[in-house]
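According to UniProt numbering, the sequence shown holds residues 1 to 450 in order. Ideal Cβ positions, reconstructed from N, Cα and C, are used throughout, including at glycine. Okay, so here's the structure we're looking at.
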Amino acid sequence: MSDPQCDVVIVGAGPTGLSAARTLQAAGKDVVVLEARDRVGGRTWTDHIDGQMYEIGGQWISPDQTALLQLVAELGKETYQRYREGDSVYIAPDGTRTVYSGDMFPVGESTQAEMERLIAQLDELAARIGPTAPWDAEDAAELDSVSFHHWLRSQSDDEIACANIGMFIAGGMLTKPATTFSALQAILMAASAGSFTHLVDDHFILDRRVVGGMQSVSEQMAAELGEDVVHLNSPVRTIEWTEDSVTVGTDAMNVSANRVIVAVPPNLYSRISYTPHLPRLQQVFHQHQSMGLVIKVHATYQTPFWREDGLCGTGFGAGQIVQEVYDNTNHGEEQGTLVGFISDVNADAMFALDEDTRKQRILESLADFLGPRALEPEVFYLSDFGAEEWTRGAYATSYDLGGLHRWGRFQNDPVGPIHFASSDIAAQGYQHVDGAIRIGQDTAAKILST
Ligand code: FAD
């Protein structure tokens, strides 16, 4: 194959890379997309396990994710709502199980009041600091120097309230223990979703899914770009650059262009060799963005049995192996599917077990929420992005303690003709497919404007 030349070469065919390519191509630019895997979609991936369709990566869309909703509409795709009729289940740290309705966990009155106070406080901070430049807030350094765990406990003596509020960001979003990231990083997470209240409201944050699965959004974008544009099985190994040109090398070819967009998560930037090497600043701060770790549990049953018990399938338990569970029955499906999440240290503990014990422990945890019928799924599968060479964790990357205010302001800066883009350095929609679409389109627009 002869070595192609184009205007912009894009590394990575996830939602970021493909939306950038789509925007550039629509403006008349020649683009080449190089993807390491044998498929497009990156951390969105729809697959069939024992005949059952599972969304192994990202799937949900919330109402504020308008860039993604608009793209889905432009592509002529349909969405559907998550099943949510009935009561939810809460498991307290002492193991007590309570069925409840409404948004607030069934905790004691004073804990409820404390949770509401903390939510209001986080809403205020998120509104004041915003998602675009949290490092510019006057108290950015202060908020970035204390872990979210310790910040919560400096605001409240109510341990249950702190654990429950911590769960929404730690296990629920950044998938790292709340001791390992800062209060500022937690506030960015909330601000990027519109408010902390949105993160607490599963009806909002886990609202809709794409019929046919979220990966189909990327598959359709790739198909529309054209067969000769997207090259699969093409991990980029090298980027040679001058101020106004790049040569991007895979094992099989070199692509020459005026610009490159590195549309991979930040933890993978240093898998590429840059000649000349990147400036000191990037070499240093790229080391401080690391992936969280979460296991997405899929279990399909003959019927959605929990609905017969008046349950919607939603369960929360900050101290449980499976910390959140939801009805994840596919569009038009007769069986019932549950999805659960096992985060950070609990994920470590599960991966340390042999396969059969792991499955048993996880199903027992689902049964604690929804009853013994949860023990006998027809299909069972665990998403394991930590074992994927071209992701290395889930859901996304975040800074270690103190990193956000120190380096966040530089994360979107290009180095010569090299642009960096991914959901992990997006503002609105941070860590989500919506953020990927936004930063893909914005990065393309920046290139088009120069
Ligand atoms: P990616 O999707 O990671 O794409 C990057 C691409 O770059 C990949 O295809 C990778 O193979 C490729 N690549 C990497 N290195 C190289 C290289 N050297 N050369 C060539 N190619 C390379 N988001 C939501 O909005 N809703 C959800 O419900 C949700 N749930 C999630 C559940 C899980 C289990 C996971 C893992 C993620 C979830 N997310 C969710 C997050 C969402 O999937 C990501 O934010 C989004 O996919 C990021 O898109 P991206 O293009 O920036 O990165």
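Does the beta-carbon of residue i, which I'm using as the reference point, lie nearer than 7 angstroms to any heavy atom of the ligand FAD?
i, result
"Ser234", "yes"
"Ile342", "no"
"Trp60", "yes"
"Ser88", "no"
"Gln431", "yes"
"Leu225", "no"
"Lys296", "yes"
"residue 497", "As displayed, the chain neither begins before 1 nor continues past 450, which places residue 497 out of reach and without an answer."
"Tyr395", "yes"
"Ala436", "yes"
"Ser422", "yes"
"Arg37", "yes"
"Trp241", "no"
"Ile169", "no"
"Trp135", "no"
"Gly213", "no"
"Pro265", "yes"
"Leu34", "yes"
"Ala257", "no"
"Pro63", "no"
"Pro131", "no"
Against chain C, with Cβ distances strictly below 8 angstroms, would residue i count as a contact?
i, result
"Ala252", "Of the protein chains in this structure there is only one, and it is not chain C."
My output table needs one value for residue i: the three-state DSSP class, helix, strand or coil.
i, result
"Val433", "helix"
"Leu311", "strand"
"Glu324", "strand"
"Glu151", "In the sequence under discussion, the amino acid at residue 151 is Trp, which differs from the Glu named in the question. Residue state, collapsed to three classes: helix."
"Thr79", "strand"
"Glu388", "coil"
"Leu366", "helix"
Classify residue i as buried or exposed, calling it buried when 16 or more other Cβ atoms lie within 10 Å of its own Cβ.
i, result
"Asp327", "buried"
"Gly313", "buried"
"Leu375", "exposed"
"Glu219", "buried"
"Glu114", "buried"
"Asn330", "buried"
"Ala126", "buried"
Output the distance between the C-alpha atoms of residue i and residue j, rounded to the nearest integer angstrom.
i, j, result
"Gln282", "Gln428", "23 angstroms"
"Tyr83", "Asp7", "45 angstroms"
"Asp434", "Glu224", "20 angstroms"
"Trp45", "Ala318", "27 angstroms"
"Val99", "Ser449", "55 angstroms"
"Val200", "Phe168", "6 angstroms"
"Asp424", "Tyr54", "24 angstroms"
"Thr242", "Arg37", "28 angstroms"
"Ala367", "Trp60", "24 angstroms"
"Arg97", "Arg117", "24 angstroms"
Let me check you understand the geometry: is the CB of residue i closer than 7 angstroms to at least one non-hydrogen atom of the ligand MN?
i, result
"Gly12", "This structure lacks the ligand MN; its bound ligands are the ligand FAD."
Inset, instruction - Specify whether the stretch 336 to 343 and the stretch 298 to 306 touch according to this definition: at least 3 beta carbon pairs, one from each stretch, less than 8 angstroms apart. - result: yes
Inset, instruction - Inspect the CB distances between the stretch 393 to 400 and the stretch 163 to 179 and report whether three or more fall short of 8 angstroms. - result: yes
Legend entry - the stretch 31 to 50 in contact with the stretch 369 to 387 per 3-pair CB rule at 8 angstroms: yes
Inset, instruction - State whether the stretch 64 to 79 contacts the stretch 305 to 312, with contact taken as three or more CB pairs (one from each stretch) at a distance under 8 angstroms. - result: The stretch 64 to 79 makes no contact with the stretch 305 to 312; the number of CB pairs closer than 8 angstroms stays below 3.
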